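Read through the structure below, which is laid out as structure tokens, and then see the notes.
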Amino acid sequence: MTFKFWGVRGSIPTPLTNDRLKRKISAIVQRMRPRDLESPSAREAFMADLPDWLFGTPGGNTTCLEVILSDGTHVLFDAGSGLRELSTARLQSDTGPNAYHLFFTHFHYDHLQGLPFFAPAYIPGYTVRFYSPVSGFEDIVRNQMRHPYFPVTMDGFMKGDLSFHELPTSGVIHIGTAVIRWRRVNHPGGAYAYRIEDNGRVLVFAPDVELSDREFERNESNRSFFGSVHSMVLDAQYTLGEAIEKYDWGHSSYSLDVDFAGGWRVRKLYLFHHEPLYEDRKLYRNLQAARWYAARSGHESLEVHMAVEGSVHRV
Ligand SMILES: [Zn+2]
Ligand SMILES: [Zn+2]
């Protein structure tokens, strides 16, 4: 299975501001030497050498992850503003699937605000199945699309074949070639993490979680959810200092994530749900620090990556 990040930012969409863009351009210009401009290949080489925080951005859209299973089934997790990017890309390419399964971790704005812009739901012939363990979630989803919050309703305008599937508070569901499980995690108002197992490969998606002793405990329930994981996409909104200051705000830090994923022997950790206040340079510094910490805290085999909008990964 593969997965693609369509939205990686936490809390609120965070477009690149003029000031932030100007700082990037200014830093690039300062690095240029006359020989970098001598030929097209010299210019290409110069750009290829630029650090990631300058040549690009991790992205400003809120949570949306697309998982493509080994049988080609498309499963989405959360409907943040990144869902609109997916929708636009599919309408332009005309090659996407005509069926989606969409699981919600919870219903904070940053995980729901892209849904009104999800074009496949409006088009007859498309199937969209929604899933959540939250009781009565169909009303939650339908009620956010009505006057005065949005000009059109789901009932009146979403002409695709939509259905809502309320999940038990814990359990298993089979979607295509995958077995998907979920569990409630520590987040204000509650949120769920999902474990997707497909063809022997395992992905855990936990975008909003304040990790606590409960998740670190070596018991059977944790082992069956966090054990034998190949890729883990995890809430890394803060630095450790800020996580302490913002105790009980519902998010984790990159260093705690390294301890957690390393402790559960995860192969690849993806830092996710980036803090809107952090500039790209700080996000990449956090990534560097997370890698440094993993290498020196007994977790050398843990690969640490940054979740970057538009990037595709194999589990
Ligand atoms: Zn969130
Ligand atoms: Zn949240």
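For the sequence shown, the working numbering gives the first residue as 1, with consecutive numbering after it. Virtual Cβ for every residue (Gly too), placed ideally from N, Cα, C. Every value quoted in this text rests on a predicted model; they were computed, and no experiment measured them.
Taking C-alpha positions only, Arg223 is separated from Val229 by approximately 10 Å. In chain order, Tyr254, Val258 and Val304 place their CB closer than 6 Å to the CB of Ala290, counting only its own chain and leaving out the 5 sequence neighbours on each side.
Each residue's CA atom was taken as its position, placing Glu66 and Met32 some 38 Å apart.
For the pair Ile12 and Pro276, the Cα-to-Cα distance works out to about 7 Å.
Residue pairing from DSSP places Ser231 in a beta bridge opposite Leu203 and Lys268. Of all alpha-carbon atoms in Ile175, Ile244, Arg195 and Ala307, the one lying nearest the alpha-carbon of Asp235 is that of Ala307. Apart from the 5 residues on each side of it in sequence, Pro188 sits with its Cβ closer than 7 Å to the Cβ of Gly250 in its chain, given in chain order.
Going by DSSP, Glu166 is part of the beta strand (DSSP E) stretching over Asp161 to Glu166.
Environment of ligand 2, chain-ordered: His108 and Asp208, taking every residue with Cβ within less than 5 Å of a heavy atom.
Remark: the shortest separation between the CB of Asp110 and any heavy atom of ligand 1 falls under 7 Å. For Met306, the enclosing beta strand (DSSP E) covers residues Glu303 to Met306. Per the C-alpha coordinates, the member of Val209, Ile180, Glu197 and Arg201 positioned closest to Ala191 is Val209. Of the candidates Val185, Tyr278 and Pro116, the residue whose Cα lies closest to the Cα of Asp248 is Val185. When DSSP states are grouped into helix, strand and coil, Phe46 belongs to the helix group. For the pair Ala89 and Pro51, the Cα-to-Cα distance works out to about 27 Å. A distance below 8 Å between beta-carbons, with the five flanking residues on each side excluded, links Ile123 to the following residues of its chain, in chain order: Lys159 and Gly160. With respect to the 8 Å criterion, Tyr270 and Ser231 are classified as neighbours on the basis of their beta carbons. The beta carbon of Thr88 sits no closer than 7 Å to any heavy atom of ligand 1.
Excluding the 5 residues flanking it on each side, Asp36 has same chain C-beta neighbours closer than 6 Å at Ala42 and Phe46, in chain order. Gly262 sits buried, since 16 or more C-beta atoms from the chains shown fall within 10 Å of its C-beta.
Ranked by Cα distance from Tyr109, the first of Tyr126, Thr63 and Val128 is Thr63.
Of Val204, Gly96, Gly7 and Val29, the smallest CA-CA separation from Gly125 is found for Gly96. The beta carbon of Leu91 sits closer than 8 Å to those of Ala119, all from its chain and outside the five residues before and after it, given in chain order. The criterion of a C-beta distance shorter than 8 Å is not satisfied by Ile175 and Leu167.
Sequence-distant Cβ neighbours of Ser163 in its own chain, meaning closer than 6 Å and more than five residues away, are Arg129.
Judged by beta-carbon spacing, Phe226 lies within the 8 Å limit of Trp264, meaning their Cβ atoms are closer than that value. Asn286 and Glu215 have their alpha carbons spaced roughly 23 Å apart.
Taking 8 Å as the cut-off, the Cβ atoms of Leu54 and Ala27 count as close.
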